[in-house]
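Undergrad: Line by line, the protein sequences are chains A and B.
Take the first sequence: its position 251, counted from the start at 1, is 232 in the numbering used here, and no numbers get skipped.
Whatever position you read off the second sequence (first residue = 1), add 8 for the numbering used here.
Positions of the beta carbon are idealized from the N, C-alpha and C atoms, including for glycine.
Keep in mind the model is a prediction, meaning the values are calculated, not measured.
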Amino acid sequence: MAIGVTTTPEKTKPSGSIINDPQVRGIFYQVLTLVVLAAFVYWVADNTIENLKRANIASGYDFLNGRAGFDVGQSLIAYTSDSTYQRALIVGLLNTLLVAVCGIFTATIIGFAVGIGRLSHNWLIAKLSLAYVEIFRNIPPLLVIFFWYSGVLAILPQPRESAALPLNMFLNNRGLAFPKPIFGDGSLYTVLAFVLAIVASFLLARYARKKQEATGQRFPVLWTSLGLIIGLPLLVFLATGSPITFDVPIAGKFNLTGGSVIGPEFLSLFLALSFYTAAFIAEIVRAGIRGVSKGQTEAAHALGVRPGLTTRLVVVPQALRIIIPPLTSQYLNLTKNSSLAVAIGYADLVAVGGTILNQTGQSIEIVTIWIVVYLSLSLATSLFMNWFNARMALVER
Amino acid sequence: MNTHQATFVRASMIEGSPPPIAEGGIVHWLRVNLFATPKDTVLTIIGALALAWFLPPAIQWLFLDAAWTGGGRGVCATVAQGGSQPEGWSGACWAFVNAKLDQFVYGRYPLEERWRPTLVGILFILFLVPMAIPKVPYKGINAILLFAVLPLISLILLPGGWFGLTFVETPLWGGLMVTLILSFVGIAVSLPLGILLALGRRSHMPVIKMLCTAFIELVRGIPLITVLFMASVMLPLFLPQGVTFDKFLRALIGVSLFASAYMAEVVRGGLQAIPKGQYEGADSLGLSFWQKMNLIVLPQALKLVIPGIVNTFIGLFKDTSLVSIIGMFDLLGIVRFNFTDANWASSVTPISGLIFAGFIFWLFCFGMSRYSGFMERVLDTAHKR
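(1) Run through DSSP, which three-state label would residue 81(B) get?
(2) May I ask which residues mark the beginning and end of the alpha helix (DSSP H) holding residue 112(B)?
(3) Compute the Euclidean distance between the alpha carbons of residue 27(B) and residue 184(B), then round it to the nearest angstrom.
(4) Run the CB neighbour count on residue 378(A), radius 10 Å, all protein chains shown included, and call it buried at 16 or more, exposed below.
(5) With 16 as the cutoff for other CB atoms within 10 Å, does residue 194(A) come out buried or exposed?
(6) Please check if any C-beta of chain A sits within less than 9 Å of the C-beta of residue 291(B).
(7) Considering residue 226(A), what are the terminal residues of the beta strand (DSSP E) in which it resides?
(8) Does the region 235 to 243 of chain B come close enough to the region 254 to 269 of chain B to have 3 or more Cβ pairs within less than 8 Å?
(9) Could you check if residue 271(B) is buried or exposed, using at least 16 other CB atoms within 10 Å of its CB as the buried criterion?
(10) Can you tell me which residues form a DSSP beta bridge with residue 241(A)?
(11) On a Cα-Cα basis, can you pick out the residue from 35(A), 311(A) and 84(A) that is closest to residue 250(B)?
(12) On the CB-based measure, 16 or more other CB atoms within 10 Å of its CB, does residue 2(A) come out buried or exposed?
(13) From 318(A), 336(A) and 354(A), pick the residue whose C-alpha is nearest to that of residue 123(A); which is it?
(14) Out of curiosity, what's the CA-to-CA distance linking residue -12(A) and residue 287(B)?
(15) Relative to the C-alpha of residue 353(B), which residue among 132(A), 174(A) and 192(A) is closest?
(16) Would a C-beta distance cut-off of 9 Å place residue 383(A) and residue 209(A) closer than the cut-off?
(17) Hey, does residue 359(A) have any beta-carbon neighbour from chain B nearer than 9 Å?
(18) How is the alpha helix (DSSP H) around residue 271(B) delimited, first residue to last?
(19) Quick one: is residue 373(B) near chain A, going by C-beta distance under 9 Å?
(20) Between the Cα of residue 109(A) and the Cα atoms of 173(A), 260(A) and 45(A), which residue gives the shortest distance?
(21) What residue from 48(B), 81(B), 71(B) and 206(B) has the CA that sits closest to residue 267(B)'s CA?
(22) For residue 145(A), which residues does DSSP report across the bridge?
(23) Once you ignore the five residues that flank residue 126(A) on each side, which residues in its own chain have a CB closer than 7 Å to its CB?
(24) Taking all protein chains shown into account, decide if residue 54(B) is buried (16 or more other Cβ within 10 angstroms of its Cβ) or exposed.
(25) Select from 346(A), 361(A) and 266(A) the residue whose C-alpha is nearest the C-alpha of residue 90(A).
(26) In angstroms, rounded to a whole number, what distance separates the CA positions of residue 67(B) and residue 263(A)?
(27) Give the straight-line distance between the Cα atoms of residue 325(B) and residue 365(A), rounded to the nearest whole angstrom.
(28) Check each residue of the region 32 to 57 of chain B: if its Cβ is closer than 7 Å to any Cβ of chain A, include it; give the result in chain order.
(29) In terms of residues, what are the limits of the alpha helix (DSSP H) holding residue 28(B)?
(30) What in chain A is Cβ-close to residue 369(B), meaning under 9 Å?
(31) With residue 182(B) and residue 342(B) assumed to form a contact (beta carbons below 8 Å), what rounded beta-carbon distance in angstroms separates them?
(32) Would you say residue 35(A) faces chain B, with C-beta separation under 9 Å as the test?
(33) Using a beta-carbon distance below 9 Å, is residue 275(A) in contact with chain B?
(34) If I follow the unbroken alpha helix (DSSP H) through residue 76(B), where does it start and stop?
(35) Using the Cα positions of residue 233(B) and residue 111(B), report the straight-line distance between them to the nearest angstrom.
(36) Hey, how far is the Cα of residue 191(B) from the Cα of residue 321(B)?
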């Protein structure tokens, strides 16, 4: 890579004042760097072409249309071993996104809870949170993944002795089985009603805020929106004749039948990433809340704002400003760490890519796809978080 | 002047009377720290219940019910599984760790040659400890010993092949030894390289700035595992035919380059925090670029970012466990490799081995973070904002 940057040339160049001119020197160094880099790239490219020719590998992305011929454990879209490599890679990408989104969601909740716990006046809670952070921060994530995978989930009971959980769920060493919803005719209306209710709640919240700013009257937004979001779909659901049914897993003699199953690979990766990243998020949250000066809280109290509202309206908005940038990089870390899936065989982008790489030998193409995908994921996440940050940032006049 | 004549002056202070019982001692502490408000009381009870639910079974499993000694899977399996433990038994299998401890440290390094890594380890500790204690003098010589002489000795001793030492190829290396070598080299390479990259990113020369920025952002945007894959499958493609790199060396290069990109960002943070006056002051004294950096800017900048640097070191140390994915046997790799040993196959073996490996990793990382806190206090010259 571009490490030719640090080359320092000898100073035995033609003497004269020109040698001490910083501008001339700068141009000289840069040209030298470029030349060295170009020579290096040429050498590498030449070797690569030579090596590829000898190994009889055609470069290019045509192989993506070939038949994959391998199965993946878990897939969000229809996939068989007859599908193309391209589809396999898309399956991998979707699996990466799935575990990243689930992990980010859970890690944020655990992280905020533990981070606030560390600042608690309650000695026991503070110490428990500290222990959590110090344990998980100092252990490799890969080890945590293996801990769940081969330490905990692998020694769960066999499928025929599955542990029954509430809501018709079952836990065994093949994963977590849960009731699968089956959407019958007309269930679309229920989903539509749900979406409609969410949109209506948003509009309601805006209206309520405007009204409060204009007249000072408050509107019970929370309860109305909750009623809307739960009530409206329920009403439509009943009106259209309950079209959604559940395929409940049933414990058979040897195996469970019916329902959906989340494999142990996903579960262990998800649990490990959540617990591991949560420890870092907790530290970020703690630093963020401590970064809000005490005067802010005291001023709010002096104005007669109640403690609950002080937290919500004064402390949290200011703390979020400190929290968001490092939180973004933790989210990115979690997404990148999801590539550890390859160690336990969860079919994420890297695992699927690795299989294709072994089958076809198209290492340059696969690695390029990895780099492009992960860089775009990073870019997309940071763009979103920058937008969010800009909304949250202090508006200075 | 009006002089006041005191009729009585107390010659000694009276003893303070003890505080009310609710304002001192354990009762007060409990009231303030555990039961201050009803909400606190509820939280305390929940926390205590969680501890009571978790801790006694954990201690029971880890220590009381654990199988400490034994020569095979029998001590870690119940009668029904073909072992000697009573039905329903579950406990840690420390006998497994005990039996495999040598392998966990040295990997598959030949038995009769293990004095070599041991010697290197002893030298490492001998050089590191005085380096780590601020009061010990001769830091310069010590640094040379640690960062120049020790690698040279290791290079001769560990692979061998010189001076009548038998050659031990790197696939035989393993365990904690590999983890420590990878981390040591990674740390020793990534800090200087990271500093150079950070300086390059802040350079006024557009080409150099662009190249450094591109490298840093590229590496930081992709997972380490893809870098390691690249090092193991693409590097051979880039080299002329017949030139091969050792797999161990390729992993070393991958880990070091990866860590140096993160290090560069940490150092850049420190460089940006140094006021412009320091740079201008150095310029006005007529110092050259490297003098300015070495004598004025970097000492201040690096001191500011010690926590970040150590965090990167800890991250690097944890990341070395990823080399087990590309088929090397570091501490985690060798522990997992031993799960396949039929002599020790039992349902509690994997979890015991992983807890042991986790504890070792934890010890090192926790030690590093504590030491960085200590160094921060030692170097603190009260200029911190």
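TA: So, from the data block:
(1) Your numbering for residue 81(B) matches position 73 in the second sequence. Here residue 81(B) sits in helix by DSSP.
(2) In the second sequence, residue 112(B) corresponds to position 104, counting from 1. Its alpha helix (DSSP H) spans residues 102 to 114.
(3) By 1-based counting over the second sequence, the position of residue 27(B) is 19. By 1-based counting over the second sequence, the position of residue 184(B) is 176. Rounded to the nearest whole angstrom, the CA to CA distance from residue 27(B) to residue 184(B) is 55 Å.
(4) As a working mapping, residue 378(A) is identified with position 397 in the first sequence. Low per-residue confidence applies at residue 378(A): pLDDT is 47, beneath 50, and the placement is therefore not dependable, though the value from the model is reported in the following sentence. Under this definition residue 378(A) is an exposed residue.
(5) For the purposes of this step, residue 194(A) is taken as residue 213 along the first sequence, with counting starting at 1. Burial call: exposed.
(6) As a first step, residue 291(B) must be located in the second sequence, where it is residue number 283. It does not; no Cβ of chain A falls within 9 Å.
(7) Taking the first sequence and counting its residues from 1, the one referred to as residue 226(A) is at position 245. It spans 225 to 228 - the beta strand (DSSP E) in which residue 226(A) sits, taken as one unbroken run.
(8) Verdict: yes, contact present.
(9) As a working mapping, residue 271(B) is identified with position 263 in the second sequence. The residue is buried, with at least 16 neighbouring Cβ atoms inside 10 Å.
(10) Taking the first residue of the first sequence as position 1, residue 241(A) is located at position 260. 159(A), per the DSSP bridge assignment.
(11) Counting from one through the second sequence, the residue named residue 250(B) turns up at place 242. The residue with the shortest Cα to Cα distance from residue 250(B) is 35(A).
(12) The sequence position of residue 2(A) within the first sequence is 21, counting from 1. Exposed.
(13) For the purposes of this step, residue 123(A) is identified with residue 142 of the first sequence, where counting begins at 1. Restricting attention to 318(A), 336(A) and 354(A), the CA atom closest to the CA of residue 123(A) is found in 318(A).
(14) In the first sequence, counting from the first residue as 1, residue -12(A) sits at position 7. In the second sequence, counting from the first residue as 1, residue 287(B) sits at position 279. Confidence at residue -12(A) is low in this model, with a pLDDT of 49, below 50, so the placement of that residue should be treated as unreliable; the coordinate-derived value is given next. Residue -12(A) and residue 287(B): Cα-Cα distance of roughly 23 Å.
(15) Within the second sequence, residue 353(B) is the residue found at index 345, counting from 1. Selected option, being the one with the closest Cα: 132(A).
(16) Nothing can be reported for residue 383(A): it is not among the residues displayed for chain A, which extend from -18 to 378.
(17) Taking the first sequence and counting its residues from 1, one reaches residue 359(A) at position 378. Yes, residue 359(A) lies at the interface with chain B (some Cβ there is under 9 Å from its Cβ).
(18) Here residue 271(B) corresponds to residue number 263 of the second sequence, with the count starting at 1. Per DSSP, residue 271(B) belongs to the alpha helix (DSSP H) from 255 to 281.
(19) The residue given as residue 373(B) occupies position 365 in the second sequence. At least one chain A Cβ lies under 9 Å of residue 373(B).
(20) In the first sequence, residue 109(A) corresponds to position 128, counting from 1. The shortest C-alpha separation from residue 109(A) is found at 260(A).
(21) Looking up residue 267(B) in the second sequence gives position 259. For residue 267(B), the nearest C-alpha among the options comes from 206(B).
(22) On the first sequence, position 164 is the one that residue 145(A) refers to. Answer is 151(A), bridged to residue 145(A).
(23) Residue numbering aside, residue 126(A) sits at position 145 when the first sequence is read from its first letter. Scanning its chain for C-beta atoms nearer than 7 Å, with the 5 sequence neighbours on each side dropped, one finds around residue 126(A) the residues 249, 250, 253, 321, 324 and 325, in chain order.
(24) By 1-based counting over the second sequence, the position of residue 54(B) is 46. Exposed is the label assigned to residue 54(B), since fewer than 16 other Cβ atoms lie within 10 Å of its Cβ.
(25) Counted from its first residue, the first sequence places residue 90(A) at position 109. For residue 90(A), the nearest C-alpha among the options comes from 266(A).
(26) Numbered from 1 along the second sequence, position 59 holds the residue referred to as residue 67(B). Numbered from 1 along the first sequence, position 282 holds the residue referred to as residue 263(A). A straight-line Cα-Cα distance of about 27 Å links residue 67(B) and residue 263(A).
(27) Locating residue 325(B) in the second sequence gives position 317, counting from the first residue. Locating residue 365(A) in the first sequence gives position 384, counting from the first residue. For residue 325(B) and residue 365(A), the distance between alpha carbons rounds to 31 Å.
(28) Cβ contacts with chain A: 41, 42, 44, 48, 51, 52, 55 and 56.
(29) The sequence position of residue 28(B) within the second sequence is 20, counting from 1. For residue 28(B), there is no enclosing alpha helix (DSSP H), as DSSP marks it with neither H nor E.
(30) If you number the second sequence from 1, residue 369(B) lands on position 361. Within chain A, the residues near residue 369(B) are 119, 120, 121 and 124.
(31) The residue given as residue 182(B) occupies position 174 in the second sequence. The residue given as residue 342(B) occupies position 334 in the second sequence. The C-beta distance from residue 182(B) to residue 342(B) rounds to 5 Å, short enough to meet the 8 Å contact threshold.
(32) Position 54 of the first sequence, counting from 1, holds the residue named residue 35(A). By this cut-off, residue 35(A) is an interface position.
(33) As a working mapping, residue 275(A) is identified with position 294 in the first sequence. So no, residue 275(A) is outside the interface.
(34) Sequence index remark: in the second sequence, residue 76(B) carries index 68 (1-based). Where residue 76(B) is concerned, there is no enclosing alpha helix (DSSP H), given that its DSSP letter is neither H nor E.
(35) Along the second sequence, one-based indexing puts residue 233(B) at 225. Along the second sequence, one-based indexing puts residue 111(B) at 103. The straight-line gap from Cα to Cα measures roughly 25 Å.
(36) Here residue 191(B) refers to the residue found at position 183 of the second sequence. Here residue 321(B) refers to the residue found at position 313 of the second sequence. Cα to Cα, the separation comes out at about 8 Å.
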